[in-house]
Each structure stands twice: as C-alpha cells, then as structure tokens.
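Following: one structure in structure tokens, then a few remarks.
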Amino acid sequence: MQYFKKKTAEKILEAITSVTPDVSFTADEIAGMLEYPPDQTMGDVAFPCFRLSKILRSAPPKIAADLAEKTSDFEFGTASAVGGYLNFKMSSDYLAGHVLGEIEEKGEKYGSSDIGKGKSVVLDYSSPNICKPFHIGHLGTTVIGHSLKLLHEFVGYDCTGINYLGDWGTQFGKQIVAFRKWGDRETIEKGGIDELVKIYVKFHEEAEKDPSLNNQARAEFHKLEEGDEENLELWRWFVSVSLAEYNRTYKQLGIEFDSYKGESFYTDKMPAQVQKLRESGLMKIDDGASIVDLSEYNMPPCLILKKDGSTLYPTRDIAAAVYRKQTYDFEKCIYVTSSAQSLHFAQWFKVVELMGYDWFDKLVHVPYGTVSVDGAKLATRTGNVVLLKDLFRQSIEKVEEIMREKNPDLDNKEDVAEAVGVGAIVFNYLFNSRIKDINFTLDQALSFEGSTGPYAQYTYARTCSILEKAKDAGIEAVGGVCTHESEEALLKTLSRFPEKIEAAINEYEPSNITRYIIDVCTAFNRFYRDCPIVTAENDDMKKFRVRLTKAAGGVLKTALHLICMRTPEKI
Ligand code: ARG
Numbered sequence: 196m197q198y199f200k201k202k203t204a205e206k207i208l209e210a211i212t213s214v215t216p217d218v219s220f221t222a223d224e225i226a227g228m229l230e231y232p233p234d235q236t237m238g239d240v241a242f243p244c245f246r247l248s249k250i251l252r253s254a255p256p257k258i259a260a261d262l263a264e265k266t267s268d269f270e271f272g273t274a275s276a277v278g279g280y281l282n283f284k285m286s287s288d289y290l291a292g293h294v295l296g297e298i299e300e301k302g303e304k305y306g307s308s309d310i311g312k313g314k315s316v317v318l319d320y321s322s323p324n325i326c327k328p329f330h331i332g333h334l335g336t337t338v339i340g341h342s343l344k345l346l347h348e349f350v351g352y353d354c355t356g357i358n359y360l361g362d363w364g365t366q367f368g369k370q371i372v373a374f375r376k377w378g379d380r381e382t383i384e385k386g387g388i389d390e391l392v393k394i395y396v397k398f399h400e401e402a403e404k405d406p407s408l409n410n411q412a413r414a415e416f417h418k419l420e421e422g423d424e425e426n427l428e429l430w431r432w433f434v435s436v437s438l439a440e441y442n443r444t445y446k447q448l449g450i451e452f453d454s455y456k457g458e459s460f461y462t463d464k465m466p467a468q469v470q471k472l473r474e475s476g477l478m479k480i481d482d483g484a485s486i487v488d489l490s491e492y493n494m495p496p497c498l499i500l501k502k503d504g505s506t507l508y509p510t511r512d513i514a515a516a517v518y519r520k521q522t523y524d525f526e527k528c529i530y531v532t533s534s535a536q537s538l539h540f541a542q543w544f545k546v547v548e549l550m551g552y553d554w555f556d557k558l559v560h561v562p563y564g565t566v567s568v569d570g571a572k573l574a575t576r577t578g579n580v581v582l583l584k585d586l587f588r589q590s591i592e593k594v595e596e597i598m599r600e601k602n603p604d605l606d607n608k609e610d611v612a613e614a615v616g617v618g619a620i621v622f623n624y625l626f627n628s629r630i631k632d633i634n635f636t637l638d639q640a641l642s643f644e645g646s647t648g649p650y651a652q653y654t655y656a657r658t659c660s661i662l663e664k665a666k667d668a669g670i671e672a673v674g675g676v677c678t679h680e681s682e683e684a685l686l687k688t689l690s691r692f693p694e695k696i697e698a699a700i701n702e703y704e705p706s707n708i709t710r711y712i713i714d715v716c717t718a719f720n721r722f723y724r725d726c727p728i729v730t731a732e733n734d735d736m737k738k739f740r741v742r743l744t745k746a747a748g749g750v751l752k753t754a755l756h757l758i759c760m761r762t763p764e765k766i
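Note that the sequence shown covers residues 196 to 766 in the working numbering.
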C-alpha cells in the first residue's frame with residue numbers, strides 16, 4: 196500500500212503540475228494527504244481535492260474531474276472522480292504482480308524495514324515486585340512490552356528488554372523477619388511465591404498486634420543494605436524463588452529478557468544523582484524530606500529522599516535512566532506500566548529535564564488500562580487477585596477439553612493446547628487499545644469464532660493444511676492472475692501490513708497488529724469460501740491460489756509472532 200500511495204502521489208503531482216506549473220507541493224506531501232475511502236468499492240486511496248481549491252481557484256468536484264482525466268493513464272490502477280474526491284483503485288495486475296511479488300521476495304521479512312538501523316531502544320517491562328503474586332495486572336506490561344520490543348526489532352532497532360525487578364526496599368526487612376519467625380525452607384522451596392506471600396501477609400497481621408515487628412523489619416533491611424551476609428543470602432533466595440515462578444510464565448509466553456537488573460542494582464548509583472540535584476539547587480527540604488518542587492508544572496512534588504534519608508521509587512528510576520543512557524545510548528527508553536503510574540513517570544521525567552539531561556525527551560511512558568476478569572470460576576489462592584498462572588492453566592485446560600472433542604488424534608496435544616490456551620488470553624488482551632479498561636471472560640477469549648486468538652491460529656493452520664494438500668497434488672506456487680474479487684480483496688489486505696507495523700510502533704499500540712490479523716483472517720476465509728484452491732477449474736488458477744494461500748499464511752505467521760503468539764501448524 197505504501198508503494199501504491201507513493202506512485203499515486205507522484206501521478207497526482209504530475210497531473211497538478213501540468214495544470215499549474217508553479218505548485219509547491221512535493222509528492223511526499225501529497226502522499227500525506229491521501230485518505231482511505233470509507234467504501235472500498237470506490238477506491239483504495241482518495242485525494243481530497245478541496246486541498247487544492249484555493250490554489251487552483253476552482254471547485255473541488257471540477258478539480259477532481261480534471262485530474263481524473265489527466266491521470267487516466269495511471270499504470271498501477273484506475274482513477275475516477277467522485278464528488279470532490281479523486282479516487283484510485285489498484286489494478287489486479289498491480290496486486291498480483293507487485294504486491295504478491297514483494298511478499299514472496301521478502302518472505303519472513305515482509306512488513307519490516309530498516310528505519311531503526313544503528314539505533315538502540317531500551318524497553319522496561321513486566322518488572323514485577325519480588326515476593327508478590329504475579330497477577331493479571333502484569334499481563335499488560337508483559338505482553339505489550341514484549342510485543343513493542345519485537346516490533347522495534349522488526350524494523351531494525353537494536354533492542355534491550357529489561358525486567359526491572361522490584362527487588363529492593365523495606366518490605367524485604369519484613370520478609371526476612373517473617374521468614375525467621377514463621378517460614379520454613381522446604382515449604383517455600385515447594386510452594387514458591389505463594390508461600391512467601393503467605394508469611395508476608397502474616398507479618399502484617401501480627402504487626403497490627405505487635406508494632407515492634409516493624410522496627411525489627413527496619414533493622415533487618417538496614418542490615419541488608421549494609422551487606423550483612425546472612426540477610427543477603429536470604430534475599431537472594433527470595434529473588435530466585437520468585438524468578439523461578441515468573442520464568443515459568445515467561446516461558447509459556449515465549450518471552451526472554453536481556454537484563455534482569457532490578458531496583459537493587461541502582462543502590463550505589465543513586466548518591467551521584469542526589470548530589471547533582473542538591474548542587475543544582477533543585478532539591479528542597481520539605482517537612483524533613485527532600486523533594487523537587489513541580490508546582491510550576493502543575494504536578495505535586497517529586498520525592499527524592501525520605502525524612503530518614505532513604506531513597507524512593509523516583510530516585511531509583513532517575514539513577515536507572517542515567518545508567519541506561521550511558522550503557523545503551525538509547526534513542527528511546529520505553530516504560531510500560533499501568534496508567535496508575537502515569538503521574539510518577541511525568542514527575543521524574545520532568546526532574547530529569549530540569550537536571551539538564553538533554554535526552555529527557557527520549558524517555559517514553561506507555562500506560563495501559565486496568566484488567567478485570569469476569570470469573571468467580573477462576574480459582575486463586577491469594578484472595579481476590581487473579582494469578583496469571585491460574586488464568587493460563589484454566590485456559591489451557593479448557594482448550595484440552597475442546598480438543599478432546601474436536602480433534603482427539605492430534606499430535607503434540609500438550610504443546611498445541613498451551614499455544615492456543617495462552618495465545619487466546621494474549622490475543623484477547625492485545626485486541627483492545629491499550630489504554631482502555633477491560634473486563635474479559637475466558638469463554639469469549641476461547642471461542643473459535645469472532646475476533647479471537649483461536650480463530651486466528653486456526654486460520655493459520657488452515658493455510659498450512661491447504662499447502663500440504665497442494666504439495667501432495669504437485670501444485671506449484673507460481674504465476675497466474677486475479678480472477679476473483681475475493682483474491683483481490685485478500686491481496687489488498689496483505690498489502691497493508693507494512694503500514695500497520697509503522698502505526699503500531701508510532702502509537703506504541705500492538706492492537707494495530709491484532710486487529711489487522713483479524714482483517715487478514717476474514718479476507719482469507721472469504722477467499723477460501725469463494726475460490727476452490729487445489730480443486731480450482733484450471734492449473735493456472737490452482738497455482739495462483741496456492742501462491743495466495745502461502746502469502747496469507749506467511750503474513751499471518753509473522754504478525755502473530757509479533758504479538759507473542761505461537762503458530763501451530765495443526766490444531
Ligand atoms: N515494579 C513496579 C511495579 O510493580 C513497576 C516498575 C516499572 N518500571 C519502572 N522503571 N518504574 O509497580
């Protein structure tokens with residue numbers, strides 16, 4: 196589509212210039228003015244001629260009619276005037292030749308570009324707090340973050356995915372006290388985070404009755420900060436027990452991180468930044484605490500040090516950003532968190548700017564809305580939070596049930612059930628624009644119809660099975676022309692992939708891809724319904740339709756991978 200837009204813009208410019216030689220537009224500017232007509236039967240792109248009426252001193256419908264005449268020899272399609280619009284439609288030669296040719300030539304790279312070449316992007320996502328349950332609230336940061344990483348890599352950026360673990364703070368003093376009082380190594384080794392959470396909850400209950408526990412906790416954290424070997428050993432163990440559980444979930448999602456440097460890593464990197472803040476005169480003492488006043492920017496003050504001199508969440512973020520800039524020299528540093536943290540990011544981004552770091556504008560916060568699950572059915576062991584592992588398990592079990600009924604002889608049942616079960620949740624989540632609050636139901640996510648993950652994966656598997664049949668029948672994927680409208684519609688949909696990638700990156704919005712996947716599935720399934728493939732009436736048609744199937748399957752596979760979905764060939 197981008198190529199078509201470019202060629203259309205050049206043609207329009209040529210036509211305008213022939214009417215008024217001294218126009219000052221460039222082809223790029225015209226390309227930027229092109230729109231998609233609401234009704235695709237009218238055309239694939241439209242030029243709104245009112246943009247020219249001042250310059251040409253004429254009414255838009257008249258301009259459209261004149262330009263239509265001057266562009267009637269357009270080699271990639273046809274032009275027609277509809278009211279004040281000049282509409283262009285891609286020819287089937289263009290679709291079968293250029294679009295399909297490009298998809299085949301680029302293969303797995305179709306849709307990619309090299310706009311990010313030589314530039315580095317850091318992505319901070321998932322970042323759970325150690326010893327805390329990994330719950331549905333983490334789904335957003337984890338899959339939006341990873342998808343943004345894959346998308347940036349796809350267009351050539353050198354990406355570093357950082358899991359900025361919440362692994363430091365007074366809560367670890369509490370955890371240490373709780374463990375010594377009520378914990379047991381074996382139980383925790385076996386029960387994992389759930390057991391760590393249990394004793395942590397108990398700590399709070401007990402501290403209500405006996406507040407001196409809080410002092411003990413503070414003392415233990417202080418010892419930890421001072422490098423007490425015994426406390427450090429315990430802390431390291433808490434981290435590893437927690438990570439073992441997170442990693443199981445990451446594995447199901449196919450996610451790996453390049454770095455796990457969490458908050459603790461920045462302990463010795465904060466003093467320099469605090470010093471800089473102090474010297475610059477930005478830091479003020481307010482009721483004993485050190486703050487940066489942001490009232491001029493309509494924000495509450497950013498807290499840097501507590502009364503007792505201890506550092507805070509923003510302090511660590513500032514030190515981490517400076518470290519990352521030095522280490523990765525990023526073009527963008529992206530933070531994916533719930534929108535509840537939007538103020539926190541706005542505040543410390545401002546402080547970074549006031550500190551004089553000229554890269555402050557390379558920091559990007561990508562917020563997302565809240566998720567709730569409509570399922571009293573979802574078993575959880577920690578009160579009313581829905582744990583991701585439970586959600587995934589239930590989804591996988593449901594898929595297994597459906598598969599037992601629909602396809603009991605399938606190979607690799609377990610793998611496929613996991614790919615479909617976990618994929619259903621990811622797809623359902625990434626279908627919505629990220630900022631929206633969503634409520635989802637497992638039944639809806641798992642439906643094999645409608646805009647769901649299983650429907651998309653199933654459509655991909657269908658392309659695989661057709662290609663297998665074609666191979667058995669010795670049908671090659673070569674040559675041919677469009678003979679059916681559904682073939683053209685499919686090719687047009689496939690031609691949009693590169694611009695969807697661009698939109699997903701520019702808007703930090705993977706839902707562009709998720710929705711596009713449904714467009715491809717719909718176009719492919721319509722084509723499949725309308726056009727016999729391996730049983731088409733002649734060899735040319737068979738070959739061409741196999742080509743189309745291969746192209747659609749290829750685009751689906753790439754697109755699904757970009758939103759953290761797996762693509763089993765049989766379901
Ligand atoms: N650990 C934090 C939480 O669970 C999220 C960290 C986000 N990243 C950051 N650099 N602040 O809320």
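Positions of the beta carbon are idealized from the N, C-alpha and C atoms, including for glycine.
Secondary structure note for Asp223: it is in no beta strand (DSSP E), and the uninterrupted alpha helix (DSSP H) holding it is 222–228. Annotated three-state conformation of Met598 is helix, per DSSP. The three-state reading of DSSP puts Leu558 in strand, counting E and B together. For Asn493, the shortest separation between its Cβ and any heavy atom of the ligand ARG does not lie below 6 Å. Around the beta-carbon of Leu345, 16 or more other beta-carbon atoms lie within 10 Å, marking it buried. When C-beta atoms of the segment 375–395 are compared with those of the segment 476–490, fewer than three pairs fall below 8 Å, so the two segments do not count as touching. Sorting Tyr461, Ser459, Leu582, Leu498 by C-alpha distance to the C-alpha of Leu477 places Leu498 at the top.
Closest option to Lys464, judged by alpha-carbon separation, among Ile450, Tyr518, Arg473: Tyr518. Contact between Ala640 and Thr688 is ruled out by a C-beta separation of about 24 Å, above the 8 Å threshold. It is roughly 50 Å from the alpha-carbon of Asn426 to the alpha-carbon of Ile712. Burial of Leu281 is indicated by the presence of at least 16 other C-beta atoms within 10 angstroms of its C-beta. One residue after another in chain order, those with a Cβ under 6 Å from a heavy atom of the ligand ARG are Asp319, Ser322, Pro323, Asn324, Tyr359, Gly361, Asp512, Tyr530, Thr532. Between His341 and Val580, the C-beta gap is not smaller than 7 Å, which leaves the two residues out of contact.
In the DSSP assignment, Leu391 falls within the unbroken alpha helix (DSSP H) covering 388–404. Looking at the backbone, the Cα of Asp453 and that of Thr355 are separated by about 6 Å. Pairing Ile700 with Leu757 gives a Cβ-Cβ distance that is not under 7 Å. Close CB contacts of Ile394 within its chain, under the 7 Å cut and outside five residues either way in sequence, are with Ala373, Phe374, Trp377, Gly378 (chain order). Around the CB of Gly422, fewer than 16 other CB atoms lie within 10 Å, so the residue is classed as exposed. Annotation: Asn426 is outside any beta strand (DSSP E); the continuous alpha helix (DSSP H) that includes it extends over 424–448. Within the same chain, Cβ atoms closer than 7 Å to the Cβ of Ser321 are found at His333, Thr336, Thr337, Gly340, Asn358, the five residues on either side in sequence being excluded. Taking a contact to require three or more Cβ pairs closer than 8 Å, the segment 727–739 and the segment 307–321 do not qualify as touching. The criterion of a C-beta distance shorter than 7 Å is not satisfied by Met285 and Asp234. The Cβ atoms of Ser459 and Asp362 sit closer than 7 Å to each other. Annotation: Leu500 to Pro466 spans about 11 Å, alpha carbon to alpha carbon.
Going by C-alpha positions, Asp481 is about 9 Å away from Lys502.
In this structure Ser567 is exposed. Its beta-carbon is surrounded by fewer than 16 other beta-carbon atoms within 10 angstroms. Sequence-distant partners of Ala541 (beyond 5 residues in either direction) whose C-beta falls short of 8 Å from its own C-beta, in its chain, are Met494, His560.
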